[in-house]
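The next block holds one structure in the form of structure tokens; read it before the comments.
Residue numbers (our numbering): 2 to 157.
Written out as structure tokens, the structure is:
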């Protein structure tokens with residue numbers, strides 16, 4: 002039985018990390034450390050770029066849905082039911098969500114019933130958030146991301 006196996010998990014990890022850092026100080030040159038730092042920063046920037054591209058695709062998808070909705074709503078060739086269907090569906094969903102919120106808030110649930118109710122409320126709140134984001138735009142954070150994407154697209 003070794004000395005390290007007697008120590009607790011956190012203390013053992015701390016000692017191992019300290020020894021690793023000490024060995025790195027003697028074995029790794031400053032140039033190698035600098036190269037590792039550059040590679041780490043490049044990976045971070047690449048990850049950030051991928052996150053921005055994903056956000057851009059999401060925003061384009063949302064914009065496309067809004068444009069389609071606007072075309073259907075304003076077209077004189079589309080039947081009336083098609084023009085109002087999305088709005089009625091969204092309105093009904095939001096109203097039913099609030100009704101269920103109040104119903105669940107007054108009810109007393111135990112055990113697995115409570116877990117199911119919490120899950121349902123989570124799904125309903127997500128749906129309501131998406132409906133509001135579609136009709137009224139999304140958060141200020143999304144607006145900032147849009148501005149960042151515009152700046153990135155204008156750079157050479």
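From the three backbone atoms N, C-alpha and C, an ideal C-beta is built for every residue, glycine too.
Keep in mind it's a predicted model, so treat the numbers as computed, not measured.
Residue environment, residue i, which counts as buried when at least 16 other CB atoms sit within 10 Å
i: residue 130; result: exposed
i: residue 98; result: buried
Chain-order list of residues whose beta-carbon lies under 8 Å from that of residue i (same chain, five-residue window excluded)
i: residue 48; result: none
Under the three-state DSSP convention, the category residue i falls into
i: residue 133; result: helix
i: residue 76; result: coil
i: residue 63; result: helix
i: residue 35; result: helix
i: residue 138; result: coil
i: residue 110; result: coil
i: residue 127; result: helix
Endpoints, the alpha helix (DSSP H) within which residue i is located
i: residue 93; result: 81 to 107
Sequence-distant residues of its chain with Cβ nearer than 6 Å to residue i (five each side left out)
i: residue 79; result: 73
Neighbourhood of residue i by C-beta distance below 7 Å, restricted to the same chain and skipping five residues each side
i: residue 132; result: 91, 94, 95
Open item on the list: Using a Cβ distance threshold of 8 Å, determine whether the region 74 to 87 contacts the region 42 to 60, with at least three qualifying pairs required.
Closed with: The region 74 to 87 makes no contact with the region 42 to 60; the number of CB pairs closer than 8 Å stays below 3.
Open item on the list: Is it the case that the region 93 to 112 contacts the region 120 to 136, given that we only count it when at least three CB pairs across the two stretches are under 8 Å?
Closed with: Remark: three or more beta-carbon pairs, one from each stretch, lie closer than 8 Å, so the region 120 to 136 and the region 93 to 112 are flagged as touching.
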